[in-house]
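Counting in our numbering, the sequence shown runs from 44 upward without gaps. A quick write-up on the structure given underneath.
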Amino acid sequence: MTALSAIAPDTLVIFATKVSDSEVAARSLAPLVRPDTVILCVQNGLYSEDVVKAVVGDRCRVLRAITHVGAIFRTPGVVELKVRSYTAIENSPVSAAIADALTACGLDGRVTDRIKEEMWRKLVVNCVINPINAITRTEVGAIADERLTPLKRLIVDECVSVARRDGVALEGDLVAAIDAQYGASRNLSSMQQDLLKGRRTEIDFLNGAVVRLGERYGIACPVNAALATIIRRMEETR
44 MTALSAIAPD TLVIFATKVS DSEVAARSLA PLVRPDTVIL CVQNGLYSED
94 VVKAVVGDRC RVLRAITHVG AIFRTPGVVE LKVRSYTAIE NSPVSAAIAD
144 ALTACGLDGR VTDRIKEEMW RKLVVNCVIN PINAITRTEV GAIADERLTP
194 LKRLIVDECV SVARRDGVAL EGDLVAAIDA QYGASRNLSS MQQDLLKGRR
244 TEIDFLNGAV VRLGERYGIA CPVNAALATI IRRMEETR
């Protein structure tokens, strides 16, 4: 089924599209959603749920979720699971029920009061791994190569500065944490998978979004801007 004519009462709609496709998907649903519909945006990106909120307005509840699951899309109908972890759901009156439903399906749903921090932490990981992995055409684990450490620190420092102005303090050595968590990964970043398949990437919702928010706060982010420019050029020449 590729289209809906109606949405049943108390329906949970999970957005797992690329953020660049969210507006089109939301516009197709907007006339059908009900006050008891819940849209859960399980996506990458900085405030990417705002794309959906701008379309559906106050017609229904829109929540953000951050998932820590990695996979490779091999062929239509064949997805190779690489990393299984939890999915954090923005706290709301309906979030516990959603978390229970996800957990019952083996997806370890958790409700959090700190969705903004979860978003920023996942964003930093994506801003480091996705463009570097896409540019170098390596597996995710190659991010732990110590020769990349100076670049990783520049990316992270810019993200941390913008996050701080946005009200989120990201503590600890985030570069070391990324190396430790992802150094053994044999996955391919979603950005590299997009480029290999000739699709638009999410760079404008990752590094590009940090640059735009940094501009609002008066914080220059030249390294993230450069990476976004490189990836956009790779999109043009794919």
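Using N, Cα and C, we set each Cβ at its ideal position, and we do this for glycine too.
8 angstroms Cβ cutoff met for residue i and residue j
| i | j | result |
| --- | --- | --- |
| asparagine 169 | glutamine 235 | no |
| isoleucine 273 | tyrosine 225 | no |
| phenylalanine 116 | glutamine 86 | no |
| alanine 73 | valine 94 | no |
Cβ-based burial, residue i [other Cβ within 10 Å; buried from 16]
| i | result |
| --- | --- |
| cysteine 84 | buried |
| leucine 249 | buried |
| cysteine 148 | exposed |
| valine 122 | exposed |
| glycine 304 | Nothing can be reported for residue 304: it is not among the residues displayed for the chain, which extend from 44 to 281. |
| valine 67 | exposed |
| threonine 280 | exposed |
| proline 174 | buried |
| aspartate 237 | buried |
| arginine 164 | buried |
| glycine 88 | buried |
Neighbourhood of residue i by C-beta distance below 7 angstroms, restricted to the same chain and skipping five residues each side
| i | result |
| --- | --- |
| aspartate 79 | Pro52 and Asp53 |
Neighbour flag for residue i against chain C, beta carbons, 8 angstroms
| i | result |
| --- | --- |
| isoleucine 186 | No chain C appears in the structure shown, which is made up of a single protein chain. |
Residues near residue i by beta carbon distance below 6 angstroms, same chain, minus five either side
| i | result |
| --- | --- |
| isoleucine 158 | Arg107 and Glu133 |
| alanine 271 | Ile246, Asn250 and Gly251 |
| valine 56 | Ile82 |
| aspartate 151 | Tyr129 |
beta-carbon residue i near the ligand ADP non-hydrogen atom, thresh 7 angstroms
| i | result |
| --- | --- |
| leucine 194 | The ligand ADP is absent from the structure shown, which contains no ligand whatsoever. |
Assumed close pair residue i, residue j - CB separation to whole angstroms, cut-off 8 angstroms
| i | j | result |
| --- | --- | --- |
| isoleucine 109 | methionine 162 | 6 angstroms |
Sequence-distant residues of its chain with Cβ nearer than 8 angstroms to residue i (five each side left out)
| i | result |
| --- | --- |
| valine 112 | Leu124, Val126, Arg127, Ser128, Thr130 and Leu150 |
Original post:
Hey, is the stretch 131-138 in contact with the stretch 175-189, meaning 3+ C-beta pairs nearer than 8 angstroms?
Top reply: no
Original post:
Taking contact to mean at least 3 C-beta pairs separated by less than 8 angstroms, is the stretch 240-247 in contact with the stretch 190-208?
Top reply: no
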